[in-house]
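Q: Okay, here's the structure, questions in a sec.
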């Protein structure tokens with residue numbers, strides 16, 4: 001089920017220790033990359049186990065580059081993740097109808 005999949009993608013951000021590198025600083029920030037709101041439960045933008053990561057989906061219909069280690073948050077909140085998934089599905093639907 002989709003809710004099970006979402007739970008597996010959840011990432012709890014640990015901010016208890018001092019970050020060691022720029023990547024660690026970016027991953028320690030618990031801010032959604034899309035809406036910039038603070039949220040303890042996030043989905044990883046670059047999760048490799050998905051068929052297409054959220055970052056790849058977002059880059060397929062925006063002019064925004066989302067690359068690991070770019071110094072920006074590497075996660076999005078569930079609300080933005082759902083919007084990204086819906087927009088990507090809509091993009092695929094439009095492309096399929098046009099072929």
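Residue numbers (UniProt numbering): 1 to 99. Backbone N, C-alpha and C fix where the C-beta goes; we use that ideal spot for every residue, glycine too. The structure displayed is predicted, hence computed values, not measured ones.
Helix, strand or coil: how does DSSP classify residue 7 here?
A: Sequence index remark: in the chain shown, residue 7 carries index 7 (1-based). Bear in mind that the predicted position of residue 7 carries a pLDDT of just 42, short of 50, making it unreliable; the figure below should be weighed with that in mind. Helix, per DSSP.
Q: What's the gap between the Cα of residue 48 and the Cα of residue 69?
A: Here the question's residue 48 lines up with position 48 in the chain shown. Here the question's residue 69 lines up with position 69 in the chain shown. Using only the alpha carbons, I get a separation of about 15 Å.
Q: Could you please give me the residues that DSSP links to residue 38 through a beta bridge?
A: The count along the chain shown starts at 1 and reaches residue 38 at position 38. According to DSSP, which records beta bridges pairwise, residue 38 is partnered with 31.
Q: Exposed or buried, residue 37, counting other C-beta atoms within 10 Å across all chains shown (16 or more means buried)?
A: Locating residue 37 in the chain shown gives position 37, counting from the first residue. Residue 37 is exposed by the Cβ-count criterion.
Q: Going by C-alpha distance, which of 45, 65, 57 is nearest residue 85?
A: Here the question's residue 85 lines up with position 85 in the chain shown. Here the closest residue by C-alpha is 57.
Q: Under the rule that 16 or more other beta-carbon atoms within 10 Å means buried, what is residue 60, buried or exposed?
A: Translated into the one-based positions of the chain shown, residue 60 becomes position 60. When all chains shown are included, residue 60 counts as exposed.
Q: Would you kindly report the start and end of the unbroken alpha helix (DSSP H) that includes residue 66?
A: Against the chain shown, residue 66 aligns to sequence position 66. Counting along the chain, residue 66 falls outside any alpha helix (DSSP H), and DSSP gives it neither H nor E.
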